[in-house]
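Colleague:
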Amino acid sequence: MNPKDHALALAGVRAMRDELLAYPKPGLVSPIDSGAHADMDFALMCRSADSLLQPFTALAAAGRAGGSFEHALMPIGIEAERGMLAVTGGVNTHRGAIFSVGLVVAAIARTQALSAELSPAAIRASLRDTWGASLEAHADRDGETSHGAEVRRRTGRDGARREAALAFPSIFEIGLPAFRAARQAALDARTAGIQTLFALMSSIDDTTVLYRGGLEGGSFVRQSAANFLADGGCHQPDWFEKAEALHRAFIARNLSAGGCADLLACTLLVSRCCGDA
30 MNPKDHALAL
40 AGVRAMRDEL
50 LAYPKPGLVS
60 PIDSGAHADM
70 DFALMCRSAD
80 SLLQPFTALA
90 AAGRAGGSFE
100 HALMPIGIEA
110 ERGMLAVTGG
120 VNTHRGAIFS
130 VGLVVAAIAR
140 TQALSAELSP
150 AAIRASLRDT
160 WGASLEAHAD
170 RDGETSHGAE
180 VRRRTGRDGA
190 RREAALAFPS
200 IFEIGLPAFR
210 AARQAALDAR
220 TAGIQTLFAL
230 MSSIDDTTVL
240 YRGGLEGGSF
250 VRQSAANFLA
260 DGGCHQPDWF
270 EKAEALHRAF
280 IARNLSAGGC
290 ADLLACTLLV
300 SRCCGDA
């Protein structure tokens, strides 16, 4: 086993745990409560994240070698999902994260193999150049392992595979700039993560939200996040109380931006690996 692959897998799991630890995140699981997820809690989510260490190590190795999406990455992801479901008793805790965080792990490893420079731009280029065509070909099949197909049928909106086919613009064009700006403004890492989550929520169509709440729920989430940011976001003195109130409002509507949570974990992973966090 390449020590770099194991270290990268650890960084991926740590990024997922950092996302879990943050509070308040509207509708999402944290150490405080289960948000809008009656079938999950913090301990279960942590066990689920920890179960991905070995699969992420394998994805890093496959990515480093430039293995194909169909024949190298996908089988590892499918096996990771089976292992996760065994750990959680069948609860879908991290299916989306296996895809998004796992693909970013592979892309970082590929960048390490190809270049001395590890930057967000280099990681995104590796992702696009190595797997872009395959991800584009698979984008219309989103939903084989997620809610994507039903969401697209009901709302016409795309899911995670389309985002990946575009080399994750939400991570590299929204998440990373938001996180970097928050850290430069002296927010601590956890608060900066919450600020970044709101930036993601205000900007993208989250398929978890659309699955639960349709277009009306999606509009509510995006507008609520945009209003929070327009009022100053996590830079305002009473940000915690306002975010907590939104958390309760999301729970009342049974809404949870699970896709944005996965993208936040990806953002934290890229930022840390590039020395920004």
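Letter by letter, the sequence shown follows residues 30 to 306 in the numbering used here. Heads up, the beta-carbon is just placed ideally off N, CA and C, and yes, glycines get one too.
#1: When you compare only the Cα positions, how much space is there between residue 201 and residue 296?
#2: By how many angstroms is the C-alpha of residue 145 removed from the C-alpha of residue 118?
#3: Note down the Cα distance separating residue 163 from residue 103, rounded to an integer number of angstroms.
#4: According to DSSP, simplified to helix, strand and coil, what is residue 307?
#5: Out of 33, 218, 300, 159, point me to the one whose CA is closest to residue 101's CA.
#6: Could you give the distance in angstroms between the alpha-carbon of residue 266 and the alpha-carbon of residue 275?
#7: Are there three or more Cβ pairs, one per stretch, closer than 8 Å when the region 68–84 is compared with the region 117–136?
#8: Do three or more CB pairs link the region 49–65 to the region 212–226 at distances below 8 Å?
#9: Suppose contacts are defined by Cβ-Cβ distances below 8 Å. Is residue 286 in contact with residue 234 by that definition?
#10: Where does residue 138 land, buried or exposed, given buried means 16+ other C-beta within 10 angstroms?
#11: In this structure, how does DSSP classify residue 104 when only helix, strand and coil are distinguished?
#12: Fully enclosed by the region 102–141, which alpha helix (DSSP H) runs are 4 residues long or longer?
#13: Alpha carbon to alpha carbon, how far is residue 239 from residue 248?
#14: What residues in its chain sit with their C-beta under 7 Å from that of residue 38, if we drop five residues either side in the sequence?
#15: Quick check on the DSSP output: what are the complete alpha helix (DSSP H) runs of length 4 or more inside the region 34–113, in order along the chain?
#16: From 262, 294, 42, 243, pick the residue whose C-alpha is nearest to that of residue 282; which is it?
#17: Quick one: residues in its chain with C-beta nearer than 7 Å to the C-beta of residue 151, no 5 flanking neighbours on either side, listed in chain order?
#18: Our contact map puts residue 136 next to residue 156 with C-beta atoms below 8 Å; I'd like the distance itself, whole angstroms only.
#19: Rounding to the nearest angstrom, what Cα-Cα distance links residue 173 and residue 30 in this structure?
#20: Just the Cα atoms here: how many angstroms apart are residue 65 and residue 198?
#21: CB residue 165 to CB residue 194, shorter than 8 Å?
#22: When the distance is taken between beta carbons, is residue 213 closer than 8 Å to residue 262?
#23: Would you kindly check if the distance between the Cβ of residue 289 and the Cβ of residue 147 is under 8 Å?
#24: List the whole-angstrom C-beta distance separating residue 294 from residue 44, where the pair is believed to meet the contact cut-off of C-beta under 8 Å.
#25: Per DSSP, what kind of secondary structure is residue 261 in: helix, strand or coil?
#26: Tell me which residue opens and which closes the alpha helix (DSSP H) that residue 205 is part of.
Modeller: This is what the structure holds:
#1: Spanning the two alpha carbons is a distance of roughly 8 Å.
#2: 42 Å
#3: For residue 163 and residue 103, the distance between alpha carbons rounds to 11 Å.
#4: This structure does not reach residue 307, given that the chain is present from 30 up to 306, and the question cannot be answered.
#5: 159
#6: 16 Å
#7: yes
#8: Contact check between the region 49–65 and the region 212–226: three or more CB pairs, one atom from each, fall below 8 Å, which counts as touching.
#9: no
#10: buried
#11: Residue state, collapsed to three classes: helix.
#12: 103–117
#13: 9 Å
#14: 82, 85, 86, 89, 134
#15: 71–79, 82–93
#16: 243
#17: 140, 144
#18: 4 Å
#19: Because residue 173 sits at a pLDDT of 43, beneath the cut-off of 50, its placement in the model cannot be relied upon, and the following sentence gives the value as read from the coordinates. Spanning the two alpha carbons is a distance of roughly 31 Å.
#20: The straight-line gap from Cα to Cα measures roughly 27 Å.
#21: The beta carbons of residue 165 and residue 194 sit closer together than 8 Å.
#22: With contacts defined as CB atoms closer than 8 Å, residue 262 and residue 213 fail to qualify as a contacting pair.
#23: no
#24: The beta-carbon distance between residue 294 and residue 44, rounded to whole angstroms, is 5 Å. This is short enough to meet the 8 Å contact definition.
#25: coil
#26: 205–213
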